[in-house]
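Structure first, commentary second.
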Amino acid sequence: MILLVIFNFVGRISSLSVTVNDVECVYEYVLYEGDNVSGNFVVVDHDIFWSSDHPGIDFTVTSPAGNEVKTLKGTSGDKFEFKAPRSGMYKFCFQNPYSTPETVSFYIHVGHIPNEHDLAKDEHLNPINVKIAELREALDSVTAEQKYLKARDARHRNTNESTRKRVVFYTVGEYIMLAVASALQVIYIRQLFSKSVAYNRV
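So the sequence shown is residues -15 to -1, 1 to 187, counted in mature numbering (1 follows the signal peptide of the UniProt record, and there is no 0).
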C-alpha cells in the first residue's frame, strides 16, 4: 500500500539528448496546476570552439495558453524551475543561431505534492505520505543536479580535448613552417655563394 502511494507521488522524469540545427522543441504534459517543473540543459558536443562572442543557445518554455513561462538567452547550459500556471501541454524549445548542429543534453522533472485539500478527498493519503512525497521531490532535485553537473563535465572534457587537438595542430604546423623556412634559407645561401664564385671567375 505504501509503495502504491509513493508511486502515485513520483513525478514524471524525462532525460534525453536533442540535436539542434535551427529550432527544436520538446513537449511535456503537466497534469495539475501549480506542479513544480524543473530541469536543466547543457550543450554537450559542438564542432566549433565557443569564443566570448558566441551567441549561445536560446531556451524558451511556453505554456498551453501560448505564454512564455521561462526564457534563457545565449547560454551553453543552465537550470530552470517554475510553478505551472495551469495544466496542459508545455513546450520547451531550443534555438541555435548558428548553422553548426549542437547536441543538447536535456533533463526535465514534473513533480506534484498533494495539499491538504487533496488529502481531504482521498482516504488513503495522510500527512506522512505528503512528507514522503516531499522527500521524493528533494531526491529528484539532487538527481537533477547530478545530471546537470555530469553533462557540464562532459562538455568541459570535449572543450579540453578540442583545445588539445588545436594546440597539437598548431605546434606541428609551426615545426613544418620552420623546416620549410630553414630549407629555403639554405637554398638561398647556396645560390648566393654560387653566384659569387661565378663572378670571381670572370
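No residue lacks a Cβ here, since even glycine has one placed at the ideal position from N, Cα and C.
Counted within 10 angstroms of its Cβ, other Cβ atoms place residue i as buried (16 or more) or exposed
i           : result
residue 93  : buried
residue 42  : buried
residue 149 : exposed
residue 140 : buried
residue 160 : exposed
residue 118 : buried
residue 34  : Residue confidence is low: residue 34 scores 47 on pLDDT, short of 50, so the model does not pin down where it sits. Its coordinate-derived value is still stated next. With fewer than 16 Cβ atoms within 10 Å of its Cβ, residue 34 is classed as exposed.
C-alpha gap between residue i and residue j, whole angstroms
i           : j           : result
residue 176 : residue 147 : 43 Å
residue 136 : residue 174 : 57 Å
residue 166 : residue 5   : 44 Å
residue 32  : residue 85  : Because the pLDDT at residue 32 is just 49, under 50, the model does not fix this residue reliably, and the point stays unresolved.
residue 80  : residue 47  : 13 Å
residue 96  : residue 21  : 5 Å
DSSP bridge partner residues for residue i (one or two, in chain order)
i           : result
residue 1   : 91
residue 23  : 66 and 94
residue 138 : The partner list for residue 138 (beta bridge, DSSP) is empty, contrary to what the question assumes.
residue 80  : 8 and 43
residue 75  : 13
Expected contact under 8 Å - CB spacing of residue i and residue j to nearest Å
i          : j          : result
residue 90 : residue 44 : Contact doesn't hold; Cβ gap of about 13 Å is too wide.
residue 77 : residue 10 : 7 Å
Beta carbon proximity, residue i to chain D, threshold 9 Å
i          : result
residue 20 : Annotation note: the requested chain D is absent from the structure, which comprises a single protein chain.
Stretch-stretch touch, CB-based, cutoff 8 Å, three pairs: the region 62 to 80 with the region 12 to 26: By the Cβ criterion, the region 62 to 80 is in contact with the region 12 to 26, since at least three pairs of Cβ atoms, one from each stretch, lie closer than 8 Å.
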